[in-house]
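Notes for the one structure printed next.
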Amino acid sequence: TLAGPGSLYLQDGVVLTNQSGATLNLRSSNIYHYTGAATKVVNAGAVVRDTGAGTFTISAAFDNAGSVTVLSGTLNLSGGGTHSGSFAVAAATTLNFSAGAHALSGTSGVAGAGTVVFSGGTVTLSAPYNVTGATTLSGGTVNFNAAVTIPTLTVSGGTLAGSASVSVTTLSWTGPGLI
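The sequence shown begins at 6 in my numbering and counts up by one.
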């Protein structure tokens, strides 16, 4: 469990690994890449954002081969990563891909009644995307390489692309985004 007023700073190529069968609870702290060689968080177990209304940021690269569940507040991923595991976003919570290159393979997926935000970097989804809550594109690029139906999409910037069809039930276009 990462909790308390401070943050965990990784530096000089450190890899923080959450083993298969383990649970890493993300509470009021953050995980930052500090200095030196690239750092990484590797999840083979369960990562749960379970307490706190604010934003928990992981700025180191984050590779998810397990499960990530957002039950409270916002989980902000800003270091990129390769994902073969699942992402679940509960109602009234947010998963934000804000920077870096994120690749979600066919064995991965994003689902839930919460909000998913693409605010920077490049996210390539070759995996199921079953978000029944809101989807927001405000920066960066999101590539949908698997067919998707998005109930509510707000575009205020960024680029929506990819090789698959994207169906949108309700579209709100408020900015210079490119589709």
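Glycine included, each C-beta is placed from N, C-alpha and C at the ideal position. For clarity, every value in this text was computed on a predicted model and none was experimentally measured.
How is the beta strand (DSSP E) around residue i delimited, first residue to last?
i, result
"residue 179", "It is not in any beta strand (DSSP E) - residue 179 carries neither H nor E in the DSSP assignment."
"residue 20", "20-23"
"residue 31", "28-31"
"residue 109", "106-109"
"residue 63", "60-63"
"residue 130", "127-130"
"residue 80", "79-82"
Taking the alpha carbon of residue i as the point to measure from, which residue in the options has its own alpha carbon closest?
i, options, result
"residue 176", "151, 142 and 22", "142"
"residue 103", "82, 157, 33 and 154", "82"
"residue 135", "41, 26 and 155", "155"
"residue 140", "97, 108 and 18", "97"
"residue 109", "17, 34 and 128", "128"
"residue 18", "161, 62, 37 and 11", "37"
"residue 133", "147, 151, 41 and 146", "151"
"residue 265", "179, 138, 149 and 137", "Past the edges of the chain, shown from 6 to 184, lies residue 265, and the structure says nothing about it."
"residue 125", "106, 173 and 59", "106"
"residue 174", "138, 167 and 164", "138"
"residue 146", "179, 184 and 61", "184"
"residue 117", "64, 92, 101 and 172", "92"
To which residues does DSSP link residue i through a beta bridge?
i, result
"residue 72", "51 and 91"
"residue 37", "14"
"residue 166", "148"
"residue 121", "100 and 140"
"residue 116", "93 and 135"
"residue 86", "107"
"residue 172", "154"
"residue 159", "141 and 177"
"residue 66", "45"
Is residue j closer than 9 Å to residue i when the C-beta atoms are compared?
i, j, result
"residue 113", "residue 77", "no"
"residue 94", "residue 53", "no"
"residue 49", "residue 6", "no"
"residue 115", "residue 99", "no"
"residue 47", "residue 73", "no"
"residue 34", "residue 15", "no"
"residue 4", "residue 84", "The question about residue 4 has no answer, for the chain in this structure spans 6 to 184."
"residue 55", "residue 32", "yes"
"residue 162", "residue 144", "yes"
"residue 178", "residue 157", "no"
"residue 167", "residue 130", "yes"
"residue 60", "residue 80", "yes"
"residue 58", "residue 27", "no"
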